[in-house]
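Enquirer: Here you go, one structure.
Residue numbers (the UniProt record's numbering), protein chains in the order written: chain A, 1 to 982; chain B, 1 to 155.
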């Protein structure tokens with residue numbers, strides 16, 4: 001595990017000034033374990049930002065400037081820029097975190113914050129010096145040619161305000177440092193910024209009076225020495241600077257803090273004459289120092305950063321509920337979320353939106369009680385759809401001609417209203433019965449589909465279990481857990497009383513089981529011919545559960561004993577899959593494969609590809625992550641064609657090539673569960689929970705999904721577990737409430753002519769009760785011409801979902817390293833674009849600003865880069881785990897994905913004494929920082945798949961005894977007792 | 001020039017027989033190229049049908065995959081024909097495609113992947129369009145040489 005993404009490049013390297021933060025993002029490994037260490041660096045940028053946002057034009061008294069400057073950039077940017085901005089003033093959210101570090105240091109860090117996470121971007125920016133980018137150039141370490149050469153511009157400015165502020169700011173610090181108590185700035189600062197943005201630009205003096213003292217919350221610890229005045233003038237420090245640079249880069253300890261003062265002030269000026277906040281080499285240096293202090297080296301500097309103040313997603317995913325306010329007829333965002341709830345009006349706007357433009361669809365999301373999806377039956381009128389584009393009637397459709405026609409909102413075609421469906425219109429053109437008809441008043445409805453929507457009569461839900469009974473499965477206790485869980489779920493299986501069930505066990509031979517209802521015990525038939533698999537019985541292999549219940553139960557009771565003496569190590573998965581296909585082919589349904597070893601016999605046998613360390617970092621790296629044998633893809637295609645969904649439970653203790661097996665799930669709408677080193681005692685509960693969830697959750701069978709959208713836009717790429725049956729039709733043999741799909745949009749026209757774009761997700765499926773249904777979600781999004789509005793409406797959860805899926809797909813054809821870089825590049829580009837947007841208008845200078853809506857994005861991207869699927873290289877994650885995590889990311893809905901990459905951390909020892917029913921309120925989610933971990937604490941980390949219990953070193957032994965029931969002295973391996981659940 | 005290179009074979013058959021032989025070779029080459037073009041156009045049509053949703057991906061890919069190997073074999077035959085009949089220039093023109101087919105086969109990318117067919121659609125189409133272009137060049141050349149050798153025979 002690496003401490004942070006930043007580590008991937010040598011800290012001193014002059015990448016691009018504007019991302020100097022990356023150095024900060026990469027604290028020395030000592031800083032902590034992955035997520036925690038990673039989080040820490042982020043904190044740093046926050047604080048300093050304040051003081052150095054120098055209001056460009058100000059000439060006011062030093063104090064006033066000092067006052068204005070700290071808030072200037074942030075305060076100014078958000079209110080002005082982000083119309084939709086609500087809640088606490090931005091400075092607090094994003095930057096409030098850091099009580100500004102001491103003067104000299106504060107200069108550098110500001111921009112780092114968000115960018116610290118995005119090293120790769122640096123290249124491009126370093127190379128791109130248009131004026132607007134000046135700020136970025138400014139941050140580049142002086143070692144780079146341009147900057148060293150740049151000083152001339154300073155001339156004019158040495159006299160101008162730019163320098164004034166700095167000169168001014170420094171001195172005041174003394175007083176301010178002393179005056180304000182610890183938190184002044186943030187508590188008090190915001191009010192001044194509430195006023196309309198225009199106030200921020202010029203009239204600094206008024207605010208200046210009120211603000212200065214609060215801003216400089218913290219006495220500058222670093223600033224032990226008075227600043228040399230000449231430091232602020234271009235002439236003086238320049239010559240000195242280059243020589244000192246090398247020493248700054250590596251041996252940070254050598255540099256006494258005071259010496260940094262002077263360079264800080266001038267280094268930025270050359271590159272960024274207009275507003276030049278102090279940045280540059282110093283920055284790297286400062287960051288180095290700060291990272292040192294974060295790692296809590298004794299005697300090091302005060303980090304000066306309030307980690308707790310940084311924006312952290314402690315409340316998980318935030319659904320863009322405000323969309324519903326603007327478009328009350330839309331479906332709830334839990335079903336459909338756009339990455340930004342706007343549609344750019346032109347191609348050029350799209351190219352400036354560097355984040356993905358797309359949507360996350362979760363068609364069967366579980367609705368809270370009271371919000372169940374209404375079911376509509378049109379009866380003889382038939383389902384009302386547009387003649388041309390086949391859009392279903394929805395609340396956005398308008399009626400005309402006294403109610404005899406309706407206009408499709410997607411393609412604007414005027415359709416006839418069937419006689420049975422006719423209703424008069426009121427004065428405003430609305431139907432009188434609109435409120436009584438859910439399809440005209442709700443964004444989400446379900447239509448009962450008549451027979452035209454059936455290729456064949458709806459099939460009963462069927463479950464077929466393919467269970468590996470080779471020696472490793474027997475030894476690990478798999479059979480017992482599986483048999484017990486299935487038995488306990490028999491009552492809850494979907495589709496009672498039509499449910500079909502069947503079992504096939506296999507090792508080096510295939511064992512069919514006859515569940516004929518007239519039998520009292522199941523009959524086992526062994527087929528040893530793996531090359532030409534045949535069914536020993538024409539039927540009774542997949543039987544009705546109600547009729548054969550007693551046979552199935554007796555089979556499940558005997559299953560663990562039947563094979564307990566099996567010493568067969570082979571596994572003929574391929575032939576078993578073919579056999580299962582023959583059994584299920586007619587009906588379709590769900591195939592659950594329990595595989596405990598690498599398939600070794602018959603078609604589809606896999607070799608131990610091994611996780612070759614030499615492959616990492618080369619062009620061959622990705623080959624390990626793609627299916628080796630085309631057999632599995634072909635099988636998957638056959639399964640999809642016959643409406644069979646495959647769920648893979650891989651429980652191997654060794655490599656079992658999830659990459660190949662997983663493709664079965666990938667193209668059939670299935671899911672991959674992976675239990676490394678499965679032992680019934682350790683993982684039994686987890687398996688039990690996940691298996692019963694899999695068997696009993698709401699499932700839609702034999703389904704297809706299509707998303708229609710208005711003119712001018714088109715969905716181009718789809719990400720998730722499905723198979724494309726035509727360019728925009730997703731075939732989903734089974735889809736359930738745990739699966740979400742992501743897709744990307746593209747503009748077909750260079751200029752959008754409409755004001756609103758409508759989307760309609762339609763899922764045609766067979767319900768477990770055997771009814772053909774169409775679930776329709778309709779949403780509208782406004783077309784905008786303003787990039788700022790796109791940022792304002794951005795939805796971090798959806799963006800992270802789409803980005804994560806793209807990244808996982810890229811990791812199948814590219815190196816992990818470059819996948820991570822692409823992610824970071826996108827982040828940096830988007831933040832830079834946002835910055836450019838407002839730097840021009842408001843002259844914010846070298847500050848980093850980002851929209852309120854994306855304040856967690858940098859953190860999530862970092863978390864994504866550190867997720868199991870993408871982090872590190874060879875030794876960091878085993879290949880199987882990496883692939884399994886990748887498959888999970890491809891299906892998780894936004895909320896669960898965010899929790900997966902940024903898990904919830906709770907401190908438990910404090911709530912152990914609380915009444916059990918009060919615990920929910922008492923548990924507080926903690927940020928994932930090292931500081932949050934107290935060695936005397938007991939913590940729980942929950943990523944939605946696993947519970948990780950962290951026992952502090954100094955935890956009271958009695959407590960430990962009580963919890964684990966084991967005394968510490970003879971407790972062998974802590975990891976074995978982690979409680980796990982779905 | 002290729003034909004010319006082949007012509008002065010010392011101790012070869014009589015000039016008339018040689019010329020007839022050449023006509024036969026060119027005729028065979030011509031039909032092989034036509035076959036190839038038909039095969040590739042058939043694949044392109046399957047892809048286009050798929051794109052416009054006239055056919056499902058399972059049928060489309062199985063149809064395409066059925067003719068991929070025949071296409072490769074015919075292509076190899078054509079090159080072998082040029083090589084054996086001593087038409088070096090024509091051989092050099094057709095050999096790269098054989099080599100390309102071979103590398104595809106080696107990487108096991110010669111068959112269309114039904115599960116990913118939509119993602120690869122544009123790539124697969126491009127490949128085949130380039131093939132068509134190259135084949136048409138071959139077609140005209142062999143037509144030209146066929147006529148040339150027929151005229152020569154008459155002289």
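Idealized CB from N, CA, C, for every residue including glycine.
What does a CB cutoff of less than 6 Å around residue 150/B pick up in its chain, not counting 5 residues either side in sequence?
Expert: 23
Enquirer: What are the residues in the region 645 to 676 of chain A lying within 7 Å of chain B by C-beta distance?
Expert: 667
Enquirer: Is the Cβ of residue 115/B closer than 8 Å to any Cβ of chain A?
Expert: yes
Enquirer: Using beta carbons (cut-off 8 Å, strictly below), is residue 596/A in contact with chain B?
Expert: no
Enquirer: Span of the beta strand (DSSP E) holding residue 400/A?
Expert: Where residue 400/A is concerned, the enclosing beta strand (DSSP E) stretches over 398 to 400.
Enquirer: I want to see whether chain B comes within less than 8 Å of residue 739/A, judged by CB atoms only; does it?
Expert: For residue 739/A, the answer is no, since every Cβ of chain B falls outside 8 Å of its Cβ.
Enquirer: Pull out every residue of the region 48 to 75 of chain B whose Cβ sits closer than 7 Å to any Cβ of chain A, in chain order.
Expert: 51, 53, 56, 57, 58
Enquirer: How should residue 155/B be labelled, buried or exposed, when 16 other C-beta atoms within 10 angstroms of its C-beta is the threshold for buried?
Expert: exposed
Enquirer: Helix, strand or coil for residue 154/B, going by three-state DSSP, please let me know.
Expert: Reduced to three states, the DSSP call for residue 154/B is helix.
Enquirer: Which residues in chain B sit within 8 Å of residue 620/A, going by Cβ to Cβ distance?
Expert: Going along chain B, no residue has its Cβ under 8 Å from residue 620/A, so there is no contact; the nearest lies around 12 Å.
Enquirer: Express the C-alpha separation of residue 880/A and residue 856/A in angstroms, rounding to a whole number.
Expert: 30 Å
Enquirer: Residues of the UniProt domain "Sec23/Sec24 beta-sandwich" (700 to 784) of chain A with a CB closer than 7 Å to any CB of chain E: list them in chain order, please.
Expert: This model lacks chain E altogether; the protein chains it does include are A and B.
Enquirer: Below 8 Å on the Cβ atoms is my guess for residue 572/A versus residue 530/A; work out the distance and round it to an integer in Å.
Expert: 5 Å
Enquirer: Along chain B, in chain order, which residues have C-beta atoms closer than 8 Å to that of residue 590/A?
Expert: Here the premise fails: no neighbours, minimum Cβ distance about 19 Å.
Enquirer: Using 10 angstroms around the beta-carbon of residue 371/A, count the other beta-carbons present and answer buried if the total reaches 16, otherwise exposed.
Expert: exposed
Enquirer: Exposed or buried, which one is residue 379/A when buried takes at least 16 other CB atoms within 10 Å?
Expert: exposed
Enquirer: Could one say the Cβ of residue 637/A lies closer than 8 Å to chain B's Cβ atoms, at least one of them?
Expert: Yes, its Cβ sits closer than 8 Å to a Cβ of chain B.
Enquirer: Kindly confirm or deny that the region 702 to 719 of chain A and the region 731 to 743 of chain A touch, where touching means at least three C-beta pairs closer than 8 Å.
Expert: yes
Enquirer: I'd like the span of the alpha helix (DSSP H) that includes residue 75/B, first residue to last.
Expert: 57 to 84
Enquirer: Using DSSP's beta-bridge definition, name the partner residues of residue 468/A.
Expert: 506/A
Enquirer: Of the choices 556/A, 532/A, 758/A, whose alpha-carbon is the least far from that of residue 502/A?
Expert: 556/A
Enquirer: Write down the C-beta distance between residue 463/A and residue 590/A rounded to the nearest angstrom, noting that I regard them as a contact closer than 8 Å.
Expert: 5 Å
Enquirer: Exposed or buried, residue 800/A, counting other C-beta atoms within 10 Å across all chains shown (16 or more means buried)?
Expert: Buried, by the Cβ-count rule.
Enquirer: Under DSSP, the alpha helix (DSSP H) around residue 630/A begins and ends at which residues?
Expert: The continuous alpha helix (DSSP H) containing residue 630/A extends over residues 630 to 641.
Enquirer: Quick one: does residue 30/B have its CB under 8 Å from some CB of chain A?
Expert: no
Enquirer: Count the other C-beta atoms from every protein chain shown that fall within 10 angstroms of the C-beta of residue 421/A, then say buried if there are 16 or more, exposed otherwise.
Expert: buried
Enquirer: Based on Cα-Cα distance, which residue from 956/A, 957/A, 907/A, 911/A lies nearest to residue 948/A?
Expert: 907/A
Enquirer: Fully enclosed by the region 529 to 592 of chain A, which beta strand (DSSP E) runs are 3 residues long or longer?
Expert: 542 to 544
Enquirer: Just how far apart, CA to CA, sit residue 595/A and residue 648/A?
Expert: 7 Å
Enquirer: Can you pull the chain B residues whose beta carbon is under 7 Å from the beta carbon of residue 641/A, in chain order?
Expert: 58
Enquirer: Out of 356/A, 316/A, 341/A, state which residue places its alpha-carbon closest to the alpha-carbon of residue 805/A.
Expert: 356/A
Enquirer: For residue 732/A, which of helix, strand or coil comes out of DSSP?
Expert: It is a strand residue.
Enquirer: Identify every residue that forms a DSSP beta bridge with residue 163/B.
Expert: With chain B covering 1 to 155 only, the question about residue 163/B has no answer from this structure.
Enquirer: At least one CB of chain B closer than 8 Å to the CB of residue 866/A: is that the case?
Expert: no
Enquirer: Would you mind telling me which residues of chain B sit closer than 9 Å to residue 633/A, beta carbon to beta carbon, in chain order?
Expert: 113, 114, 115, 116
Enquirer: Apply the 10 Å Cβ neighbour rule to residue 525/A and answer buried if 16 or more other Cβ atoms are within range, or exposed otherwise.
Expert: exposed
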